[in-house]
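The listed protein sequences correspond, in order, to chains C and Y.
Numbered by UniProt numbering, the letters in the first sequence go through residues 1 to 104 in order.
Numbered by UniProt numbering, the letters in the second sequence go through residues 1 to 136 in order.
Glycine is no exception: its CB is placed at the ideal position from the N, C-alpha and C atoms.
Okay, so here's the structure we're looking at.
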Amino acid sequence: MTTCNCIVQAGQISGETQAGLRSRLDAFSQASFGSPAEIGWVEIAPGSGYTATQPSTSSIVSLTADKPLEQSERIPMLRDLCDLWSAETGCSLDEIVGVINDPA
Amino acid sequence: MPLYMTNAVQGAITDAAKQKIATDITRIHCDVTDAPPAFVHAFFVEDAPHMPLDGKAAFLLGSIRAGRSAEQKAQIIDEMRQAIHEHSGLPQDDIQVVIRDTPASWVMEGGDIMPEPGEEDDWFAAHEARKAAENA
Numbered sequence: 001m002t003t004c005n006c007i008v009q010a011g012q013i014s015g016e017t018q019a020g021l022r023s024r025l026d027a028f029s030q031a032s033f034g035s036p037a038e039i040g041w042v043e044i045a046p047g048s049g050y051t052a053t054q055p056s057t058s059s060i061v062s063l064t065a066d067k068p069l070e071q072s073e074r075i076p077m078l079r080d081l082c083d084l085w086s087a088e089t090g091c092s093l094d095e096i097v098g099v100i101n102d103p104a
Numbered sequence: 001m002p003l004y005m006t007n008a009v010q011g012a013i014t015d016a017a018k019q020k021i022a023t024d025i026t027r028i029h030c031d032v033t034d035a036p037p038a039f040v041h042a043f044f045v046e047d048a049p050h051m052p053l054d055g056k057a058a059f060l061l062g063s064i065r066a067g068r069s070a071e072q073k074a075q076i077i078d079e080m081r082q083a084i085h086e087h088s089g090l091p092q093d094d095i096q097v098v099i100r101d102t103p104a105s106w107v108m109e110g111g112d113i114m115p116e117p118g119e120e121d122d123w124f125a126a127h128e129a130r131k132a133a134e135n136a
């Protein structure tokens with residue numbers, strides 16, 4: 001399983017959209033790392049998320065790769081990850097932080 | 001990035017305090033590192049199982065770009081613990097603050113790989129130019 005932690009602002013992503021997003025993240029994980037995504041989902045309550053001191057609309061999606069990655073591998077993966085999140089949720093790229101960690 | 005995520009016992013930090021702490025977190029991070037405020041995310045959760053409190057009332061985990069000195073991290077830890085104490089009333093020894101490095105090259109924000117510390121001005125210029133070209 002690939003660890004995939006998602007942090008979103010409450011109310012920003014509907015249940016239906018979340019289901020579609022989970023499916024897309026699972027497919028991304030399978031294609032990139034050869035295993036399904038074990039998704040952790042955290043919603044930040046209203047009044048509890050700030051970006052640049054203002055109420056946040058940012059989402060964080062963080063996965064851990066199955067092996068150390070070269071930047072030439074990581075960058076297109078990050079681009080695909082952020083693009084799928086944007087396409088599925090309607091968030092702009094400026095509202096998305098994507099992280100692909102090397103394994104510890 | 002940075003992401004400063006605070007987990008606290010339910011009700012220990014009011015929404016009003018969260019806003020003040022988020023403002024202080026942003027100010028402290030930018031003062032210590034010269035990073036722009038636009039990058040700073042300060043989120044709060046309560047009794048979150050993925051961030052064990054280990055007997056404390058509040059636990060702040062800061063995930064920051066790698067490259068800051070030990071002195072900078074120590075200053076961030078001290079000043080953010082003080083900010084949480086001041087705005088929440090929690091005792092300082094009931095607040096844990098941990099800083100964790102993440103290589104900038106592992107993070108994409110706004111569609112671009114994050115800059116290394118100190119390269120933010122060039123990053124913003126390139127980022128805005130790319131967006132303008134895409135919207136042209």
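Candidates Y:Met1, Y:Ala136, Y:His127, Y:Cys30: which alpha carbon is nearest Y:Ile76's?
-> Walking along the second sequence from the start, residue 76 of chain Y turns up at place 76. Of Y:Met1, Y:Ala136, Y:His127, Y:Cys30, the residue nearest in Cα terms is Y:Cys30.
Cα-Cα separation, C:Thr3 to C:Ile39 | Along the first sequence, one-based indexing puts residue 3 of chain C at 3. Along the first sequence, one-based indexing puts residue 39 of chain C at 39. Rounded to the nearest angstrom, the two C-alpha atoms are 6 Å apart.
Nearest-angstrom Cα separation, counted from C:Glu73 out to Y:Pro11 = Counted from its first residue, the second sequence places residue 11 of chain Y at position 11. Counted from its first residue, the first sequence places residue 73 of chain C at position 73. Correcting the residue identity first, residue 11 of chain Y is Gly in this sequence and not Pro. Taking the straight line from one Cα to the other gives about 44 Å.
In the DSSP assignment, what are the bridge partners of Y:Met108?
-> Mapped onto the second sequence, residue 108 of chain Y falls at position 108. DSSP, once it has assigned bridges, lists C:Gly98, Y:Ile113 as partnering Y:Met108.
Answer yes or no: does any C-beta atom of chain Y fall closer than 8 Å to that of C:Gln71?
-> For this step, residue 71 of chain C is matched to residue 71 along the first sequence. Yes, contact with chain Y.
Residues in its own chain within less than 7 Å of C:Leu84 by CB, not counting five upstream and five downstream?
-> Working through the first sequence from its first residue, we reach residue 84 of chain C at position 84. So the list reads Arg24, Phe28, once near-sequence residues are dropped.
Among C:Ala104, C:Asn101, C:Val97, which residue has its Cα nearest to the Cα of Y:Gly110?
-> Indexing the second sequence from 1 puts residue 110 of chain Y at position 110. Comparing Cα positions, the closest option is C:Val97.
Excluding the five sequence neighbours on either side, which residues of its own chain have a C-beta within less than 6 Å of the C-beta of Y:Phe43, listed in chain order?
-> Here residue 43 of chain Y refers to the residue found at position 43 of the second sequence. Here the set comprises Met5.
Run down chain Y in chain order and give the residues with a C-beta less than 8 Å from the C-beta of C:Gly98.
-> To locate residue 98 of chain C, count along the first sequence from 1; it is residue 98. Within 8 Å Cβ-Cβ: Val107, Met108, Glu109.
Three-state class that DSSP yields for Y:Leu60 in the structure shown = Position 60 of the second sequence, counted from the start, is the residue given in the question as residue 60 of chain Y. Assignment of Y:Leu60 by DSSP, reduced to helix, strand and coil, places it in the strand class.
Contacting positions in the region 35 to 49 of chain C - beta carbon closer than 7 Å to chain Y = Residues passing the 7 Å Cβ filter: Gly40, Val42, Ile44, Gly47, Ser48, Gly49.
Please check if any C-beta of chain C sits within less than 8 Å of the C-beta of Y:His87.
-> On the second sequence, residue 87 of chain Y is found 87 positions in, with the first residue counted as 1. With 8 Å as the cut-off, Y:His87 does not count as an interface residue toward chain C.
For C:Gln9, does the count of other Cβ atoms within 10 angstroms reach 16, so buried, or fall short, so exposed?
-> Within the first sequence, the letter at position 9 stands for residue 9 of chain C. With 16 or more Cβ atoms within 10 Å of its Cβ, C:Gln9 is classed as buried.
Can you tell me which of Y:Pro117, Y:Met1, Y:Glu86 puts its alpha carbon nearest to the alpha carbon of Y:Arg68?
-> In the second sequence, counting from the first residue as 1, residue 68 of chain Y sits at position 68. Residue Y:Pro117 is the option with its Cα nearest to Y:Arg68.
Per the contact definition of three or more C-beta pairs closer than 8 Å, is the region 51 to 60 of chain C in contact with the region 6 to 22 of chain C?
-> yes
Where the alpha helix (DSSP H) containing residue 105 of chain C begins and where it ends = Because chain C here runs from 1 to 104, residue 105 of chain C falls outside it and cannot be looked at.
Report the neighbours of Y:Leu3 on chain C: residues whose CB is nearer than 7 Å to its CB, in chain order.
-> Taking the first residue of the second sequence as 1, we reach residue 3 of chain Y at position 3. What Y:Leu3 touches in chain C: Ile60.
Could you tell me which residues DSSP pairs with Y:Asn7 in its beta bridges?
-> The residue given as residue 7 of chain Y occupies position 7 in the second sequence. In DSSP, Y:Asn7 forms a bridge with Y:Val45, Y:Phe59.
Apart from the five residues on each side of it in sequence, which residues of its chain come closer than 7 Å, Cβ to Cβ, to Y:Glu120?
-> What you label residue 120 of chain Y is simply residue 120 of the second sequence in a count that begins at 1. Excluding residues within five positions, the ones whose Cβ falls inside 7 Å are Ala35, Pro36.
Can you have a look at Y:Asn135 and say buried or exposed, based on whether 16 or more other CB atoms are within 10 angstroms of its CB?
-> Translated into positions along the second sequence, residue 135 of chain Y becomes position 135. Label assigned to Y:Asn135: exposed.
Y:Glu86, enclosing beta strand (DSSP E) - first and last residue | Indexing the second sequence from 1 puts residue 86 of chain Y at position 86. Residue range 70 to 88 is occupied by the alpha helix (DSSP H) that includes Y:Glu86, with no beta strand (DSSP E) assigned at that position.
Please decide whether C:Arg22 counts as near chain Y, where near means a Cβ-Cβ distance under 8 Å.
-> Taking the first residue of the first sequence as 1, we reach residue 22 of chain C at position 22. Judged by the 8 Å Cβ criterion, C:Arg22 is not in contact with chain Y.
Using the DSSP secondary-structure output, state which residues sit across from Y:Thr14 in a beta bridge.
-> Taking the first residue of the second sequence as 1, we reach residue 14 of chain Y at position 14. Answer is none; Y:Thr14 lacks a bridge partner.
Hey, is C:Ala31 close to the ligand SAH, as in C-beta under 7 Å from one of its heavy atoms?
-> With respect to small molecules bound, the structure shown includes none, and the ligand SAH cannot be examined in it.
For the beta strand (DSSP E) holding C:Gly20, just list the boundary residues, first then last.
-> The residue you call residue 20 of chain C lines up with position 20 of the first sequence. Where C:Gly20 is concerned, there is no enclosing beta strand (DSSP E), although the alpha helix (DSSP H) it sits in stretches over 15 to 33.
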